[in-house]
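Residue numbers (our numbering), protein chains in the order written: chain A, 1 to 404; chain B, 1 to 404.
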């Protein structure tokens with residue numbers, strides 16, 4: 001008998017019919033001889049409604065109050081799902097984050113899970129019951145309700161699965177798994193059966209929106225076998241697991257595209273010791289995330305520095321750069337938002353050479369100019385002109401035979 | 001400095017504007033130099049919505065689940081009100097029933113408060129903060145959330161006021177207090193300044209809907225000074241307090257009308273020992289509440305028995321009576337729903353004679369036939385034909401000079 005944690009997000013429990021569908025799915029898992037702990041989000045729209053209510057009274061509501069407010073949404077879903085399961089003849093009980101033993105730190109609205117006291121859940125499971133846990137929430141050492149921030153219900157599910165040493169943690173969303181690339185760009189994209197935590201982390205940070213890195217990192221740390229699958233079909237999903245659990249490592253697992261980048265080119269940067277550190281230190285203080293950096297030695301005591309930032313942080317980056325221009329430490333700056341970053345991810349790269357070379361030659365064949373390059377142990381990223389995005393993704397997908 | 005518990009019902013917090021009004025009112029009380037503990041209901045309509053959600057999945061949802069579901073409504077109001085108060089510069093924090101230390105028995109959906117651990121509330125009050133308590137809920141010894149049933153938020157407020165030995169417990173509703181009679185019937189009805197617990201209990205059970213008896217009984221037991229007043233005006237309300245606190249006891253405090261009664265007349269009841277006990281025992285087993293009973297000795301070994309029941313229980317009463325008719329223990333039965341009960345309530349009756357006589361002579365002057373009479377230490381009730389209801393109320397109101 002396996003213990004399976006099943007997490008259902010806001011869309012999956014978006015209305016009463018969908019909650020009934022979720023109950024049907026859990027019932028099926030139970031009848032197949034498994035134990036189930038379900039973790040649920042608030043019905044879609046509920047959290048936004050509550051946030052707008054709070055916003056009506058204050059633009060800066062106390063975070064402790066916001067947490068008590070928001071935590072109610074998941075509780076409603078949890079008790080409704082338990083009621084639906086009971087009606088189907090299953091002995092189900094709902095639990096708040098507190099009842100499930102989820103203890104967090106005191107950072108209201110973005111608390112971190114510190115520990116899970118599984119006594120209560122284990123007793124209920126031993127009695128043969130199904131548990132429905134209200135996701136996204138816990139309780140701090142003062143006894144105050146906390147919430148876990150964006151993607152919080154996924155975190156609840158992974159943490160509960162880890163604490164209970166569940167055999168599987170299934171994350172149900174509106175997509176059926178992780179694909180070799182975005183199927184809207186490359187219709188031949190294939191759903192992967194398995195992928196390692198590290199590949200998933202690279203893909204997620206490169207724009208695959210199915211899972212947040214925080215949840216994948218926690219699953220890796222707690223050694224939780226994570227499956228993402230669709231709550232609207234019976235299709236098998238994608239297993240995210242330890243590298244050792246994946247027998248045949250493909251050279252390349254997937255191609256990711258991030259259109260949400262901008263390039264900053266600084267010319268005439270004063271060639272004095274510590275200038276790069278000053279610029280990037282100032283950017284970090286302004287909460288600007290730098291990705292790739294290229295520095296080229298110039299002539300006549302000045303260098304050029306190029307880097308990329310998320311488009312949303314370009315305004316903040318410009319302010320920092322302008323202060324250096326005002327101090328005459330930078331000659332001039334150019335900004336380019338019409339770029340994108342295409343990346344090849346695969347653990348197979350560790351032990352194979354020539355993976356990057358294939359990427360470069362593919363770009364060359366398609367006459368796509370590579371503006372910047374960065375590599376890691378399991379990733380090659382290239383910045384290109386945005387207009388070539390789809391062409392680059394499709395030709396790389398084909399070059400690495402991901403459609404086979 | 002006084003400690004005032006202020007309770008706001010569903011209508012008073014019915015939308016965001018009204019929650020802001022409630023915050024304004026609390027702010028005013030604070031600025032007048034008082035400490036405040038607010039107790040709030042769910043926004044009107046919310047609880048019904050959640051009940052209908054549960055109903056969608058099951059006609060007999062587990063009560064434990066219903067309690068977790070319903071308790072979320074009051075939490076939402078509590079945190080929103082705390083946010084509104086914070087924005088106005090008051091240091092306010094919201095508390096669930098659990099955080100407020102409200103411990104109940106295990107009767108989910110109609111739990112009784114067993115104790116209140118005031119440690120948490122007292123610490124917060126000592127720190128000079130306002131507390132907003134989610135009404136209607138507590139937690140049982142297993143740590144499960146419970147709700148208190150109809151009128152539960154009033155009970156929360158009275159219990160909290162008792163436990164904290166508050167100077168006053170104000171119950172805000174949409175009416176401005178307790179009137180000498182229903183102002184829709186008698187426009188000259190006056191709002192009472194003060195009334196004793198016992199009078200309030202009589203008036204409530206006779207149809208004055210402002211407060212439920214459960215709350216008044218608890219206030220009496222805990223010696224809580226209760227005030228009912230309107231959340232939509234600044235008018236003073238009615239103080240419900242110990243009889244000793246009311247200096248001038250009026251002879252009669254109020255006239256109550258209950259249209260919701262039916263009369264059952266049994267003829268040819270077999271004159272054997274224990275027959276009355278059998279009939280009323282069977283009615284009690286069928287959960288029919290009997291109010292007045294008149295038994296008249298008959299002739300030829302049979303008696304007549306008349307009694308009144310709430311109209312809603314007449315069908316059940318008929319079933320019981322029919323079984324006695326089938327056994328030939330009752331000759332025949334007549335039912336009359338076109339009656340009403342008019343009552344005179346006043347602690348002054350205890351020490352004055354002639355109060356009932358005035359009532360009877362008033363009815364006689366108006367040519368209203370009295371069908372049944374019952375009296376208690378502080379009440380005289382008369383059953384009359386329903387069509388005379390308003391006339392009876394108005395002439396009694398005037399006879400006892402309640403309009404002066």
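Even glycine gets a Cβ: it sits at the ideal position worked out from N, Cα and C.
> Below 7 Å between beta carbons: does that hold for residue 255 (chain A) and residue 39 (chain A)?
Replying inline: no
> Is the beta carbon of residue 181 (chain B) sitting closer than 7 Å to the one on residue 352 (chain B)?
Replying inline: no
> Looking at C-alpha atoms only, which residue of B:372, B:133 and B:131 is the closest neighbour of residue 263 (chain B)?
Replying inline: B:372
> Of the residues that make up the stretch 133-148 of chain B, which ones have a beta carbon closer than 7 Å to any beta carbon in chain A?
Replying inline: 143
>> Let me confirm a value: residue 186 (chain A) is counted as buried when at least 16 other C-beta atoms fall within 10 Å, else exposed. Which label applies?
In response: buried
> To which residues does DSSP link residue 257 (chain A) through a beta bridge?
Replying inline: A:342
>> Which residues in chain B have a C-beta closer than 8 Å to the C-beta of residue 75 (chain A)? List them in chain order.
In response: 68, 69, 71 and 72
> Would you call the stretch 299-315 of chain B and the stretch 232-240 of chain B touching, i.e. three or more CB-CB distances under 8 Å?
Replying inline: no
>> Rounded to whole angstroms, what is the Cα-Cα separation between residue 246 (chain B) and residue 225 (chain B)?
In response: 12 Å
>> Could you compute how far the alpha carbon of residue 152 (chain B) sits from the alpha carbon of residue 191 (chain A)?
In response: 53 Å
>> Between residue 52 (chain B) and chain A, is the shortest Cβ-Cβ distance under 7 Å, so that the two count as touching?
In response: no
>> Using the Cβ count rule (16 or more neighbours within 10 Å means buried), how would you classify residue 335 (chain A)?
In response: exposed
> Applying the criterion that 16 or more other CB atoms from any shown protein chain within 10 Å of the CB defines a buried residue, is residue 46 (chain A) buried or exposed?
Replying inline: buried
> Between which two residues does the beta strand (DSSP E) harbouring residue 320 (chain A) extend?
Replying inline: Careful: residue 320 (chain A) lies outside any beta strand (DSSP E), inside the alpha helix (DSSP H) at 314-326.
> What are the boundary residues of the alpha helix (DSSP H) that residue 412 (chain B) is part of?
Replying inline: With chain B running from 1 to 404 in the structure shown, residue 412 (chain B) is simply not present.
> Once you ignore the five residues that flank residue 93 (chain A) on each side, which residues in its own chain have a CB closer than 8 Å to its CB?
Replying inline: 82, 124, 129, 130, 131 and 132
>> For the structure I just gave you, are there three or more beta carbon pairs, one from the stretch 320-331 of chain A and one from the stretch 368-383 of chain A, closer than 8 Å?
In response: no
> Quick one: what does DSSP say residue 279 (chain B) is sitting in, helix, strand or coil?
Replying inline: helix
> Going by alpha carbons, who is nearest to residue 400 (chain B) out of B:85, B:252 and B:150?
Replying inline: B:252
>> Classify residue 198 (chain B): buried if its beta carbon has 16 or more other beta carbons within 10 angstroms, exposed otherwise.
In response: buried
> Which two residues bound the contiguous beta strand (DSSP E) that contains residue 372 (chain B)?
Replying inline: 370-376
> Are the CB atoms of residue 292 (chain A) and residue 342 (chain A) nearer to each other than 7 Å?
Replying inline: no
> In whole angstroms, what is the alpha-carbon distance linking residue 376 (chain A) and residue 289 (chain A)?
Replying inline: 18 Å
> Which residue's Cα is closest to the Cα of residue 282 (chain B): B:318, B:387, B:104 and B:265?
Replying inline: B:318
> the stretch 40-65 of chain B: which residues have C-beta closer than 7 Å to a C-beta of chain A, in chain order?
Replying inline: 50, 53, 54, 56, 57, 58, 61, 62, 64 and 65
> Does the pairing of the stretch 16-29 of chain A with the stretch 103-110 of chain A give three or more beta-carbon distances under 8 Å?
Replying inline: no
> Under 7 Å between the Cβ atoms of residue 71 (chain A) and residue 147 (chain A)?
Replying inline: yes
> Is residue 87 (chain A) close to chain B, meaning its C-beta is less than 7 Å from at least one C-beta of that chain?
Replying inline: yes
> Can you list, in chain order, the residues of its chain whose CB lies under 6 Å from that of residue 140 (chain A), leaving out five sequence neighbours each side?
Replying inline: 104, 106 and 146
> How would you call residue 176 (chain B), buried or exposed, if buried means at least 16 neighbouring beta carbons within 10 angstroms?
Replying inline: buried
> From residue 217 (chain B) to residue 6 (chain A), what distance separates their C-alpha atoms?
Replying inline: 48 Å
> Would residue 316 (chain A) pass as a contact of residue 357 (chain A) if the rule is Cβ separation under 7 Å?
Replying inline: no
>> Using CA atoms only, rank isn't needed, just tell me which of A:137, A:306 and A:228 is closest to residue 261 (chain A).
In response: A:306
> What does residue 80 (chain B) touch in chain A if you count any residue whose Cβ is under 7 Å from its own?
Replying inline: 53, 54, 57 and 69
> Cβ atoms of residue 179 (chain B) and residue 12 (chain B): under 7 Å apart, would you say?
Replying inline: no
> Do residue 57 (chain B) and residue 84 (chain A) come within 7 Å of each other at the CB atom, strictly closer than that value?
Replying inline: yes
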